[in-house]
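Enquirer: Provided herewith is a single structure, encoded as structure tokens, for subsequent inquiry.
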Amino acid sequence: MAKEFEAAGMPVAYLTTLDGLARSVGAPRIVRGKAITNVAGDPNLRPSDERALRKELINKALKALTTPVNEPTAFD
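Following the numbering used here, the numbering of the sequence shown begins with 321 at its first residue and continues without gaps.
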């Protein structure tokens, strides 16, 4: 699906912990999440720390969306 959006001119940032799988299917921009069970968070953190983690992931994704790529690229 990400490749179809990209082909239509809409950049996609794929948030995942399975970056190898994302690369194998050709996802253009890969943002590594926290854990398989909690990709965009960590329930073991205090609420304020979890918000900070989520904000960091969103900022990485926004940076990825504004970065031109020609092949699957991971943003750490």
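For every residue, glycine included, the Cβ atom is placed at its ideal position computed from N, Cα and C.
Going by other Cβ atoms of all chains shown within 10 Å of its Cβ, with 16 needed for buried, is L377 buried or exposed?
Expert: As a first step, residue 377 is located in the sequence shown; it is residue number 57 there, counting from the start. Flag for L377 reads buried.
Enquirer: Are there 16 or more other CB atoms within 10 angstroms of the CB of A372, so buried, or fewer, so exposed?
Expert: Looking up residue 372 in the sequence shown gives position 52. Burial call: exposed.
Enquirer: Looking at the secondary structure, which residues open and close the alpha helix (DSSP H) in which I356 lies?
Expert: Taking the first residue of the sequence shown as position 1, residue 356 is located at position 36. Counting along the chain, no alpha helix (DSSP H) covers I356, and no H or E run does either.
Enquirer: Please report the distance separating the alpha-carbon of A381 from that of N364.
Expert: Taking the sequence shown and counting its residues from 1, one reaches residue 381 at position 61. Taking the sequence shown and counting its residues from 1, one reaches residue 364 at position 44. Going by the C-alpha atoms only, they are around 23 angstroms apart.
Enquirer: Take G353 and list the residues in its own chain whose beta-carbon comes closer than 8 angstroms to its own, dropping the five residues that flank it on each side.
Expert: Residue mapping note: residue 353 aligns to position 33 of the sequence shown, counting from 1. Same-chain partners within the cutoff: L335, T336, T337, V359, A360, L377.
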